[in-house]
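>
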Amino acid sequence: MMDKPVLVIGGGVAGIQAALDLADRGLNVHLVEKSPSIGGVMAQLDKTFPTMDCSICILAPKMIECSRHPNITIHTLSQVKEVTGRQGDFDVKVLKEPRYVDESRCTGCGLCSEKCPTRVSDGWQKGLTERKAIYVMFPQAVPLVAKIDSEHCLYFQKGVCQVCSRVCPAGAIDYTQQPEEISLNVSSIIVATGIQELDPSYIGEYGYGRFKDVVTSLEFERLVCASGPTGGHLDRPSDGRHADRIAFVQCVGSRSHKNGYPYCSSVCCMYATKEAVLIKEHDPGSEVTIFYMDLKVYGQGFQQFVDRAKLHWGVEYVRGRPGEIRRNPITGDLVVWYEDTITGDVYEKTVDLVVLCTTLIARPENKELADVLGLKLDEWGFFKSRDPVRGHIETDVPGVFVCGCCHGPRDIPESVAEASAGAAYAAEVSRRCTP
Amino acid sequence: MTEEIRIGVFVCHCGVNIGGYVDVPSVVEYAERLPDVAYAEPNLYTCSSDGLQKIQEAIEKHGLNRVVVASCTPRTHEPLFQSACEEAGLNRYLFEMANIRDQCSWVHMREPEKATQKAKDLVRMAVAKARLLVPEEEPEIDVLPKGLVIGGGVSGLTAALSLMDQGFKVHLVEREGRLGGTLLKLDKLFPSNVKASEVIDPLVERVEESNDVTVHLDSKVSDVKGFIGNFDVVVDTPGGPEKLNVGTIIVATGAGYLSPEGLYGYGRVEGVVTQLELEQTFKEVGGLEGVETLVMIQCVGSRNEERAYCSRVCCTEAMKNAIRLLEKDPRRDVYILYRDLQTYGIEFSAMEFDAKKRGARLVMYDKDRPPEVTGEEKGPLVRVYSPLLDEELTIEADMVVLAAPIVPNVDNEALSRHLKVPLNSDGFFMEAHVKLRPVDFATDGVYVCGTAHSPKEVGESVYQAKAAASRAGIPMARGSLKAAAITSVVDEDRCCGCGTCIEMCPYNAITKNERGLAQVEPAVCKGCGVCGASCPEGAITMRHFTDEQLEAQGLAAIGEA
Amino acid sequence: MSDFEPKIIGFLCNWCSYAGADLAGVSRIQYPSNIRVIRVMCSGRVDPVMPLGFLAEGADGVMITGCHIGDCHYIDGNLYARRKFGLLRRLVEKAGLEPERVMLEWVSASEGQRFAEIVTEFTERIRGLGPVACDEETRLNLRAAKAAAEEYRLRALVGKEEKLVERGNVYGDDVTQEEFDRIMDEAVETEYTRNRIRLMLAREPMSVKELAYRMGEEPGNVLSHVASLRQRGWVALLELQGNTPIYHAMEAS
Amino acid sequence: MRYALYLGCTIQSEQFGYEASVRETLPRLGVELADMEGVSCCGFPALNSVSKLGWHYLSARNLAIAENMGLAVLPLCNGCHLSFVETKHALEKDPELKNVINMNLDKEGLSYRGDVRVVHLLEALHDEVGTQKISEEVVKPLEGMKIASHPGCHAIRPSDLQKVDDAENPRKLDDLVRALGAETFDYPEKIDCCGSQLALTSGRVTLRIAGEKLQAVKSYGFDGLVTTCPFCFKMYDGRQRAIKAALKDDSLSLPVFYYTQLLGLALGLEPARLGLQMNRSPVDGLVKSVLE
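Chains as they are written, first to last, in numbering that gives the first Met the number 0: chain Z, 0 to 434; chain C, 0 to 560; chain E, 0 to 252; chain Y, 0 to 291.
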């Protein structure tokens, strides 16, 4: 008899890997993603450390593989609302919100976006640019299909316009789409809902939100990315001037009991180093400083990567947590006040751009999903493993597994390995529970 | 005799994406006049379901034996059209694409007539290649549902059990006389403080009870031949060499610890031990008596010139033992001399704070001014300069504990040669891709997990072992796999056996056959074509990208061929 | 600006460059339409013979692009591409063309902008250089260069270059790039000249003196080349005019 | 709006211009000021460092008097304001201390309940009167004037206690300046300390701290600096000559005002009635330009 399918929740790199592993071995997979495209955070990154691989270039083929795989069904704009039953026999209800575009017809030609009159801040580009009210999430999106953002669409708001439906050569626009409920019966469930970055606005002394040239690391990834808002030119968001003095601040909101989260986000030291090297690659003349507390180099090749950043690229590492960031009203420059804890002296550094490497925090949606699945969350809202040593990927609910950043910050290879591990568990369940 | 070539050309408007800038009708008209083109038609969307149907009808109606689609990029759409052709009974390799959207209409929007001319040229090039296309087969390779796991530590055992639970037979090769590996030496494991024995014993029991896992103790892999699906492995066992035939191989040989001879008085000064030795003491006597002041030194012989990498687990290990000692007796003085704390992630950070809360004294030291340990009659004396305090501390210790790094196994070298998989500069096994293939080797059918790959804590090794088992399980569950058709072939009449191609092939897909001539293993070849382009005798041809085909394309591009 | 429209062939590797070119399209970045793209799996697939052939048959420039060093989908194919390109440039120069007519660049899948810039820059460069002279001499030289690229000696050298220079030879001592280049230049010179002689004799039989005169070479050198060509059985004595031997080319075996 | 006006020591002993300008302007904005009978020093900045009890006792005593009047108290001085707020907080957290203090207060028939509202001048003007109302009352808008705002540390710190304005990004004084038709903008040193608290221990450092800020303010092209704290005012206005000397910077000269003085000018009042003749920084030029 046919084995039951497996449910994978979350279409980031972890979810994608888990889905592919299972599908490749012949199991059917339902991949549920709440946004309009799979790809997750990794799709937003420019490059990856320590090899400086282009992120989307290595991810896109896997995304396309997912969409083409006969054993994988992708449900975008979907969320798991109800789960009953037990290992080997879960009944799952998935709610798919309307796209208002017929996925089977849309070819992603982009004509609708071109003609759409409504401009909206582009969330995928971290609000650094604008998109239209009907849009394709990003050029490599899978599925490569437009979506109408009904919050802003003139038709949904004021009942006028409908330009998109008029220009669409494929006749794919469908304003009448309704939310649909999909029922699935699966043998096991892999949770891979990922992670998000902290909004550092509340840390007043760093001026995020007040100074345009203070950005988060994810915003920076878009800024340096060739397919980003500036086409990869590192310009100051405030005045578009080329930025060649850049400071990175580590542990923004992290490793702090008083003003944020006590834990270390694991990956910031390395991605900051990567981003610093990126800047140097683009413009070797630029000054790049990384302010850190402890340099986390625990991964394979990390120390060597940092050594290279220091010696070959001349990236400056300063041990110390800046106290304040200020802005000169005349020059528009930013001034970073910090104590170099090695020398014990206080200095100020004038820069064009400050990148805040903020805490990676749990997605708020975890709460609801945890209730639906009967899982526990830790005090920070991450999914709890059964046992950090023996059952890192398992949960207290048999047949439900967690992988990737949804149970704490970790880097891409760890997420991918965990995803494959999750697939192994799911495969074992499927064998146990299939007569 | 060769059959008459009948090419069908389908030109896509892609709505206005192509049609808006390229004069599609004229391209179709032009295509009809090209040599061997039997039929040409425009489509609004060739990729739409009715577009695909049109192709299939045309193959039927006009007896087409080659198909060219001029539309978008093959990277996303070639497989779609190929399957359409296949359904219509045409070999998928008799299909060719011309990218007249992404690389033509979209990038020459302001010069429509030039775009149209280029579209015609691109179609001409595609047709020129199509005329030379030949059907290709994707050879089916059987995969034995039997796995070999090398290494009987926590990683190897976990991997073996997972393969077993996935329904495969497993051979487990352990070089020691007993299963369990490094965990046999450890007492408690962070972050949960579970007893190492509680982790390892159940695994060992399950493996020993199982009939599906064959354990070879005191054994070593001495030779590996073959490729994914069908490896011939020779294992040296106490009972002499044994031949094993397996479909996949998982490397879980673990790692060792550096013995820090001569560092910080180790082996010279009484009371200087390693974290591992401290663990063993805990394991044997459960605690530590008569030790009031204890100094832990991190990064002993790591993160330096000779051993660049960070050993990952030592900092948290230190926190774990510091907490343990202070729990037992809060009046103790426990110092941890560190460079950068590697207590990453939620649980390890929590342990760092716990240790601090309990009064562990964390003192940062500078790589260029490391601590000094001398032996006094009272015991080891530690001097350490703290840049933060800008002063030198002198600590009369009862015990000094050195964080000696995890180091690669000495026999990695040999094994890597047998398996034809690479080691990295540190001497650990190197995966296929640092980001997306963390447990695969570039060589199909061989996988890695645990500390054989790099220093790891136990939890990480366990899930990595599971991951390796998942990867290895895929081809074995399928029972067979399709080797790519786009591979290189050696013309034995021309090959002189110089071996240039063998050196170049990144996948070790080329070997010398009994006649000393190059021989490509299609199951392993990935089809990059580097060998062909370099063969001194021009004896290697790339399927589907032959010199003739590429030359035809180029010549067609230059002038009306 | 001249109205000359260069004919440009571009070899794009499937994994990075071709994807980069597609991204340029998706992003609607405009560039000159002269380039005609041939998709290959890896930049290392591009055999110098092909570009030389295309130049001989009327292409004005050939561009090769691959993944950035370290990003190669096939681990290190682009390293070999770099080596092969070295030979290509040498031979283009030998044949009397501007070496800038061939170009090797790295373009990642995310560098649509960069791809467009490279193509634009290269197209304008070739436009500036003007068309490849279509006189018989140039064609013959280019065919000679192509033939040289097919020679065992040059192919074997390029094939081993990466290993020799990066990892040292079988005896463990490594060859510096400078040493290697010296060997290479000498080999290129010889193979090119011999093939040129062969093609010239194929066109019309003549004496060593005549050859030397036309090639602007020392008769002594030419004679020694002719000698080794005879050993290979590629040229043969046709007749004696007075006591001057006239040679002609045999059908290449 | 009616407040118990608490002047404190500094203002009554030397900052007459502040008191004058407050008494002239606030009533014109519909703010009634009731004087407090028998108040004492608030205990800041000296006593608080030697005797917590003494300090809190004095502050509580003044607050008790305001409570008796049934009014919110309006301390004009940042120091007094902080002192009151801290005492209020301390006695909330520590009922024991509150008892001890009330036992002492009882001797003069006073008692501190703890429900008195402590209002900062910035709050009174910005939150209760409102910039809208102020700009309506303006007859001589201070057009073309670039005025740097200096709220002063004690108005905003400690940030978890002082809620007068955002500690990292104070805006209220800026809004008030704009309400007068003058121009202002953010500058990096805006929330820097004036240094006056160090005057007792290290005069030179004090002068440098204050001087560097004045230099910065000038460098951004401000015509003047405005504050509501007598301590800060003393530093920037009263000691500006000393600063000049200490920094050996003759070019250093910047008009310094109390906000209420600028307010008065904008309301069309006589400079003399705002005590502007008592400012020691060179304010005359600006004042003239307003009058013309």
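Where a beta carbon is used, it is the ideal one built from N, C-alpha and C, also for glycine.
1. Where do the N-terminal and C-terminal ends of the beta strand (DSSP E) with residue 74 (chain Y) fall, by residue?
2. Find out if the Cβ-Cβ distance for the pair residue 445 (chain C), residue 438 (chain C) is shorter than 8 Å.
3. Excluding five sequence neighbours on each side, which residues of the same chain lie with their C-beta closer than 6 Å to the C-beta of residue 252 (chain E)?
4. Please determine if the region 253-265 of chain Y and the region 130-146 of chain Y are in contact, where contact requires at least 3 C-beta pairs separated by less than 8 Å.
5. The ligand FMN and residue 142 (chain Z): does any heavy atom of the ligand fall closer than 7 Å to the residue's C-beta?
6. I'd like to know if residue 17 (chain E) contacts chain D, where contact means its C-beta is closer than 8 Å to some C-beta of that chain.
7. In angstroms with no decimal places, state the Cα-to-Cα distance between residue 116 (chain Y) and residue 119 (chain Z).
8. Can you tell me whether residue 80 (chain Y) is buried or exposed? The criterion is at least 16 other CB atoms within 10 Å of its CB, across all chains shown.
9. Please state whether DSSP places residue 203 (chain Z) in a helix, a strand or coil.
10. Buried or exposed for residue 244 (chain C), please, with buried defined as at least 16 other CB atoms from any protein chain shown within 10 angstroms of its CB.
11. Since residue 242 (chain Y) is in the alpha helix (DSSP H), which residue starts that stretch and which ends it?
12. Rounded to the nearest angstrom, what separates residue 403 (chain C) and residue 10 (chain E) at their Cα positions?
13. So residue 165 (chain Y) contacts chain Z; which residues on that side make the cut at Cβ distance below 8 Å?
14. When you compare the CB of residue 32 (chain E) with every CB in chain Z, is at least one pair closer than 8 Å?
15. Compute the Euclidean distance between the alpha carbons of residue 544 (chain C) and residue 222 (chain C), then round it to the nearest angstrom.
16. Would residue 328 (chain Z) pass as an interface residue toward chain Y - the criterion being a Cβ-Cβ separation below 8 Å?
17. For residue 38 (chain E), would you say it is in contact with chain Z, using Cβ-to-Cβ distances shorter than 8 Å as the test?
18. Comparing C-alpha positions only, which one of C:289, C:285, C:320 and C:287 sits nearest to residue 296 (chain C)?
19. Which residue or residues does DSSP assign as beta-bridge partners of residue 418 (chain C)?
20. For residue 18 (chain C), report the span of its alpha helix (DSSP H) as first-last.
21. Residue 44 (chain E) and residue 528 (chain C) look like a contact to me (Cβ under 8 Å); what is the Cβ gap, rounded to whole Å?
22. Over what stretch of residues does the alpha helix (DSSP H) that includes residue 330 (chain Z) continue unbroken?
23. Going straight from the alpha carbon of residue 207 (chain Z) to that of residue 400 (chain Z), what length do you get?
24. Unbroken alpha helix (DSSP H) runs of length 4 or more, entirely within the region 296-380 of chain C: which are they?
25. Does the pairing of the region 347-355 of chain C with the region 366-378 of chain C give three or more beta-carbon distances under 8 Å?
26. Kindly indicate if chain C contains any beta-carbon less than 8 Å away from that of residue 8 (chain Z).
27. Using DSSP with H/G/I as helix, E/B as strand and the rest coil, what is residue 80 (chain C)?
28. For the region 165-172 of chain Z against the region 104-124 of chain Z, do three or more pairs of beta-carbon atoms, one drawn from each stretch, fall closer than 8 Å, so that the two count as touching?
29. List, in order along the chain, the chain Z residues whose C-beta lies closer than 7 Å to that of residue 187 (chain Y)?
30. Could you compute how far the alpha carbon of residue 27 (chain E) sits from the alpha carbon of residue 531 (chain C)?
31. What does DSSP give as the partner residue(s) for residue 184 (chain Z) in the beta ladder?
32. State yes or no: is the C-beta of residue 93 (chain E) within less than 8 Å of the C-beta of residue 144 (chain E)?
33. Quick check on residue 346 (chain Z): buried or exposed, where buried means 16 or more other Cβ atoms within 10 Å of its Cβ?
34. Taking the straight line between their C-alpha atoms, what separation do you get for residue 123 (chain Y) and residue 227 (chain Y)?
35. Grouping DSSP H, G and I as helix and E and B as strand, with all else coil, what is residue 210 (chain Z)?
36. Do residue 151 (chain C) and residue 182 (chain C) count as a contact pair if the criterion is CB distance below 8 Å?
By the coordinates alone:
1. 71-74
2. no
3. Bear in mind that the predicted position of residue 252 (chain E) carries a pLDDT of just 44, short of 50, making it too unreliable to give a figure here.
4. yes
5. The ligand content of the structure shown is nil, which means the ligand FMN is not present either.
6. Chain labels in this structure do not include chain D; the protein chains are Z, C, E and Y.
7. 45 Å
8. buried
9. helix
10. exposed
11. 239-246
12. 51 Å
13. 203
14. no
15. 35 Å
16. yes
17. no
18. C:320
19. For residue 418 (chain C), which the question treats as bridged, DSSP gives no partner whatsoever.
20. 15-18
21. 3 Å
22. Where residue 330 (chain Z) is concerned, there is no enclosing alpha helix (DSSP H), given that its DSSP letter is neither H nor E.
23. 37 Å
24. 313-327 and 344-356
25. no
26. no
27. helix
28. yes
29. 325, 326, 327 and 334
30. 36 Å
31. Z:90
32. yes
33. exposed
34. 12 Å
35. strand
36. no
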